[in-house]
Amino acid sequence: MNEPTVTLKVSRYQPGQDGGPRMQSYTVPYRQDWVVLDALNYIKDQVDGTLSYRWSCRMGVCGSCGMMVNGVPKLTCAAFLREYYPKEIRVEPLVNFPVIRDLVIDMSDFLDKLKSVRPWIIRKTEKPVSEGEYLQTPEELEAYKQFTQCINCMLCYAACPVYGLEPEFLGPAAIALGYRYNIDSRDQGRDVREPVLGAHEGIWQCTFVGECSEVCPKDVDPAAAIQRSKLDSAKGWFKSVLLPWGGR
Amino acid sequence: MNGTRPDKSKLYYPKMPSTWWLKTPAYFLFMLRELSSVFIALFLIVYLTRIYQLTHGPQAYAASFESLRSPGWIIFHALAFLFAVFHSVTWFQSTAVVMPVRVGGKVLPPRTVTAVNIGAWIVISLIVLILFVTLRG
Chain A
217 MNEPTVTLKV
227 SRYQPGQDGG
237 PRMQSYTVPY
247 RQDWVVLDAL
257 NYIKDQVDGT
267 LSYRWSCRMG
277 VCGSCGMMVN
287 GVPKLTCAAF
297 LREYYPKEIR
307 VEPLVNFPVI
317 RDLVIDMSDF
327 LDKLKSVRPW
337 IIRKTEKPVS
347 EGEYLQTPEE
357 LEAYKQFTQC
367 INCMLCYAAC
377 PVYGLEPEFL
387 GPAAIALGYR
397 YNIDSRDQGR
407 DVREPVLGAH
417 EGIWQCTFVG
427 ECSEVCPKDV
437 DPAAAIQRSK
447 LDSAKGWFKS
457 VLLPWGGR
Chain B
37 MNGTRPDKSK
47 LYYPKMPSTW
57 WLKTPAYFLF
67 MLRELSSVFI
77 ALFLIVYLTR
87 IYQLTHGPQA
97 YAASFESLRS
107 PGWIIFHALA
117 FLFAVFHSVT
127 WFQSTAVVMP
137 VRVGGKVLPP
147 RTVTAVNIGA
157 WIVISLIVLI
167 LFVTLRG
């Protein structure tokens, strides 16, 4: 009996050789428990060793294997072949990013933006280690916990037409992580992050298309983080204008 | 750090097609939501013009009111109404995401908040409609 197969149309781009990406078809065995990443690994190992792509953990934790699968940003380790079989599957690099080679995108812009929101706890004065941890109630943890789930997979950037049209936009994940620290009860860095988050290229450039939250594999809901940041930023501005001593 | 960055001259920069908003239903609905503001703004201009006509006396107002009975204006108002309803529904959907409601320390699901908001909106609209019809009669 013939083994069932599935066709993958994979975007190839070899700098110096290709003027732009071209599609190449590969036929791979179809297995019920295979994901698109397994099929790519099969191609790399058995068919064409020149194919380049990023991957690491194979279990939705590292955020490396994000690609466009039939035009939708997906973690290829979580996109089962059975969801597409018997139709052919189109695999392309994440859109809205420059392509280095084949399915590998340049993530420098995202990394710069992520760093710019200072995604770590900022204290005005650090207390000595001898005084112990900064304690937090379960409610205070719950307030931001959802936003800590981000794995920096950049699917939200690929889903965001604002980032595609205006590359200076800070973008969903970076804002969600900035917001995550802003609402952390242990953090005191809101004023430090405000010039980046509250800028036009920050939260205000978002027009709330909402697709970032739809494609997020970890249910972070960056769209909610951005809109709530807008509310907080606007409230902060009104306080500073209307209340004596800037509402401090 | 810069030493580890790829050579920019070798990168391929994809361009976003101008038809990007036709790519998925979600993008298309987003564009419709943006477009709804145009119809709502036009409706407001027409409405304010009618109020302005009141300052020219009852006859001028009646004449402007009569001109709105043409099929073109009726189609425009029907479209503006549909866009206003669509915009309001998306507004309530957004509000539920932006302002989470807590009951007994737990966050209510956004869908519940949207449903309650839309329910209240329908009830208040009906009360206004009943008042309008009663007072007019």
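Chains A and B, in that order, give the protein sequences. Per the numbering used here, the very first residue in the first sequence carries number 217; after that it's consecutive. Per the numbering used here, the very first residue in the second sequence carries number 37; after that it's consecutive. Quick reminder that beta carbons are idealized off the backbone N, C-alpha and C, glycines included. What you are looking at is a predicted structure, and each value in this text was computed from that prediction instead of being measured.
Inter-residue spacing [alpha-carbon to alpha-carbon] between residue i and residue j
| i | j | result |
| --- | --- | --- |
| B:Glu70 | A:Pro289 | 24 Å |
| A:Phe454 | A:Gly414 | 14 Å |
| B:Ile87 | B:Gly108 | 20 Å |
| A:Asp400 | A:Asp254 | 38 Å |
| A:Leu310 | A:Met283 | 5 Å |
| A:Glu347 | B:Leu65 | 54 Å |
| B:Val159 | B:Val139 | 23 Å |
| B:Leu58 | A:Cys293 | 28 Å |
| B:Lys142 | A:Thr353 | 15 Å |
| A:Thr243 | A:Cys369 | 27 Å |
| A:Val222 | A:Cys281 | 20 Å |
| A:Lys434 | A:His416 | 27 Å |
| A:Pro237 | A:Glu382 | 22 Å |
| B:Val137 | A:Val285 | 36 Å |
| A:Ala441 | A:Tyr397 | 11 Å |
| A:Leu458 | A:Phe424 | 28 Å |
| B:Met37 | A:Cys278 | Below a pLDDT of 50, predicted positions are generally treated as unreliable, and B:Met37, at 47, falls in that range; the measurement from the model is reported next regardless. If you take the alpha carbons of B:Met37 and A:Cys278, they lie about 21 Å apart. |
| A:Asp249 | A:Ser272 | 18 Å |
| A:Asp261 | A:Glu342 | 51 Å |
| B:Thr148 | A:Tyr258 | 45 Å |
| B:Thr60 | B:Tyr48 | 24 Å |
| A:Ile391 | A:Gln443 | 10 Å |
| B:Ser106 | B:Pro146 | 42 Å |
| A:Arg247 | A:Lys303 | 14 Å |
| B:His92 | B:Glu102 | 15 Å |
| A:Ser227 | B:Pro50 | 13 Å |
| A:Leu224 | A:Arg274 | 19 Å |
| B:Val169 | B:Ile163 | 10 Å |
| B:Leu90 | A:Ala389 | 53 Å |
| A:Val345 | A:Leu351 | 13 Å |
| B:Ile81 | B:Ile110 | 15 Å |
| A:Pro355 | A:Gly452 | The question names Pro, but residue 355 of chain A is Glu in the sequence shown. Approximately 23 Å between the Cα atoms of the pair. |
| B:Pro94 | B:Arg172 | 17 Å |
| A:Ser268 | B:Ala62 | 31 Å |
For residue i, the residue or residues it bridges with in DSSP
| i | result |
| --- | --- |
| A:Arg306 | A:Lys225 |
| B:Lys142 | B:Val139 |
| A:Ile321 | A:Val315 |
| A:Leu291 | A:Gly282 |
| A:Gln240 | A:Val226 |
Residues near residue i in its chain [Cβ-Cβ closer than 6 Å; skip 5 each side]
| i | result |
| --- | --- |
| A:Ala375 | Pro289, Glu427, Cys428 and Val431 |
| A:Lys446 | Ile419 |
| A:Ala439 | Gly426, Cys428 and Ser429 |
Same chain, Cβ closer than 8 Å to residue i, five either side skipped, listed in chain order
| i | result |
| --- | --- |
| A:Gly387 | Phe326, Lys329, Cys372, Tyr373, Cys376 and Tyr379 |
| A:Leu393 | Leu330, Val333, Pro335, Phe363 and Cys366 |
| B:Phe154 | Sequence check: residue 154 of chain B is Ile here, not Phe. The answer, listed in chain order, is Val125 and Phe128. |
| B:Ala116 | Phe75, Ile76, Leu78 and Phe79 |
| A:Pro460 | none |
| A:Glu219 | Pro245 and Tyr246 |
| A:Lys340 | Gln404 |
Proximity to residue i [Cα-Cα], best of the options
| i | options | result |
| --- | --- | --- |
| A:Gln421 | A:Gly236, A:Glu384 and A:Val436 | A:Glu384 |
| A:Ile305 | A:Phe313, A:Ala295, A:Asn312 and A:Pro314 | A:Ala295 |
| A:Ser449 | A:Leu291, A:Trp461, A:Pro438 and A:Ile419 | A:Ile419 |
| B:Thr85 | B:Leu104, B:Leu115 and B:Pro42 | B:Leu104 |
| A:Gly405 | A:Asn368, A:His416, A:Asp435 and A:Ile338 | A:Ile338 |
| B:Ser73 | B:Asp43, B:Phe119, B:Arg41 and B:Ile110 | B:Phe119 |
| A:Asp234 | A:Val315, A:Cys273, A:Arg247 and A:Thr341 | A:Val315 |
| B:Arg52 | A:Pro245, A:His416, A:Phe313 and A:Tyr269 | In the sequence on display, residue 52 of chain B carries Met and not Arg. Comparing Cα-Cα distances from B:Met52 to each of A:Pro245, A:His416, A:Phe313 and A:Tyr269, the minimum goes to A:Phe313. |
| A:Leu357 | A:Thr341, A:Met323 and A:Asp403 | A:Asp403 |
| B:Tyr83 | B:Val137, B:Ile166, B:Phe112 and B:Pro42 | B:Phe112 |
| A:Tyr300 | A:Asn398, A:Gly265 and A:Val252 | A:Val252 |
| B:Lys46 | A:Tyr229, A:Lys225 and A:Leu224 | A:Tyr229 |
| B:Arg41 | A:Thr341, A:Thr423, A:Leu351 and A:Met323 | A:Met323 |
| A:Gly287 | A:Lys303, A:Gly279 and A:Val307 | A:Val307 |
| A:Gln240 | A:Asp249, A:Tyr246 and A:Leu256 | A:Leu256 |
| A:Asp437 | A:Arg247, A:Ser268, A:Tyr395 and A:Pro344 | A:Tyr395 |
| A:Pro231 | A:Lys303, A:Glu349 and A:Thr266 | A:Thr266 |
| B:Trp157 | B:Arg172, B:Leu144, B:Leu167 and B:Val121 | B:Val121 |
Same chain, Cβ closer than 7 Å to residue i, neighbours up to 5 away in sequence not counted
| i | result |
| --- | --- |
| A:Val263 | Tyr242 |
| A:Gly276 | Leu291, Cys293, Ala294 and Pro433 |
| A:Arg270 | Ser280, Cys281 and Val320 |
| B:Met67 | Trp57 |
Near the ligand FAD: residue i beta-carbon under 7 Å from a heavy atom
| i | result |
| --- | --- |
| B:Leu115 | The ligand FAD is not part of this structure, which contains no ligands at all. |
Stretch pair the stretch 353–371 of chain A + the stretch 411–427 of chain A: three plus CB contacts closer than 8 Å:
no
Is the stretch 332–342 of chain A in contact with the stretch 300–320 of chain A, if contact means three or more CB pairs nearer than 8 Å?
no
Should the stretch 95–105 of chain B be called in touch with the stretch 124–134 of chain B, which here means at least 3 C-beta pairs below 8 Å?
no
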